[in-house]
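Here the structure comes first, spelled out in structure tokens, and everything after it is commentary.
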Amino acid sequence: MKILVLGATGATGRLIVEKAVAEGHEVVALIRSKAKAADLVGANLIEGDARDPAALTRAIAGCDAVISALGTAMSPFREVTLLSTATSPLIGVMEQQNIKRFVCITGLGAGDSRGHGGFFFDRLLLPLMLRKVYQDKDRQEDAIRASALDWTIVRPTVLNDKPARGGITASTDLSGIHGGTIARSDVAQFVVEQLTADTWLRKAPLITW
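All residue numbers in the sequence shown are consecutive under our numbering, ending with 1255.
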């Protein structure tokens, strides 16, 4: 399968590229600078802005699916729009090109998963440091849900850089969930698996250890 990866130079995006290549997928990465992505071994690097429909059209040519691992830093005061302003034109380009499969990482706290992050996350971190980011994640999820794509929204709990250990829990039933953590490597593996599975088609599973 030929896939386009957005956010390929991020910590999780790099692992997604690595795992997708290892599993035999042909990977295209739309990145801002090839100089910062020289270590993305096995990926076809295309420079461009993920918010630019022309760049997206150029990068997506011949692809069968798209993975978005786009992220943004904490921004307690400045408005955040990257996630939604990249996702909206992407959806348009995918629909124009008749590319259906889309797997997108958002996070615990987006949409109806808000309030399940535990006391520190829900009462302090999200409202004080991540409010603007999660407002944009909500806009991103709303755009995906309104599309005609075969989408899966992946909501990991708090990410860590520990070794993968597998055996993750994936669920849309959030009762009893109050926080959690998961390795980026396990997230990357789960995301790549969704390219060829339909268990979570048009669903938004929360994944955690």
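Glycine is no exception: its CB is placed at the ideal position from the N, C-alpha and C atoms.
The model shown is predicted, which means the values in this text are computed figures rather than measured ones.
The C-beta distance from G1053 to S1114 rounds to 6 Å, short enough to meet the 8 Å contact threshold.
For T1227, the enclosing beta strand (DSSP E) starts and ends at T1227 to A1229. Inside the segment 1169 to 1251, DSSP marks whole beta strand (DSSP E) runs of 3 or more residues at positions 1196 to 1202, 1204 to 1206, 1215 to 1217 and 1227 to 1229, from first to last along the chain.
Rounded to whole angstroms, V1179 and R1078 show a C-alpha spacing of 21 Å. For K1065, the enclosing alpha helix (DSSP H) begins and ends at A1057 to A1068. Excluding residues up to 5 positions away in sequence, V1051, A1054, I1113, A1115, A1234, V1237 and V1238 lie with their Cβ nearer than 8 Å to the Cβ of I1062 in the same chain.
Ranked by Cα distance from A1229, the options M1047, K1048 and G1059 are led by G1059. A residue is called buried when at least 16 other Cβ atoms come within 10 angstroms of its Cβ; Q1142 does not meet this threshold and is exposed.
When C-alpha distances from I1190 are compared across F1123, L1247 and A1210, the shortest belongs to L1247.
For S1114, the enclosing beta strand (DSSP E) covers residues A1111 to S1114.
Linking E1187 to G1070 through their CA atoms gives a straight-line distance of about 29 Å.
Taking the C-beta atoms as reference points, T1152 is found nearer than 8 Å to I1199. For A1096, the three-state secondary structure derived from DSSP is coil. In this structure, the beta-carbon distance from A1210 to S1231 falls below 8 Å. Excluding sequence positions up to five before and after M1175, its CB lies within less than 7 Å of the CB of M1120 and P1122, all in the same chain and listed in chain order. Assignment of E1072 by DSSP, reduced to helix, strand and coil, places it in the strand class. Classified as exposed, H1224 has fewer than 16 neighbouring CB atoms from the shown chains inside 10 Å of its CB. Going by C-alpha positions, D1168 is about 39 Å away from N1144. Under DSSP, N1090 forms a beta bridge with V1074.
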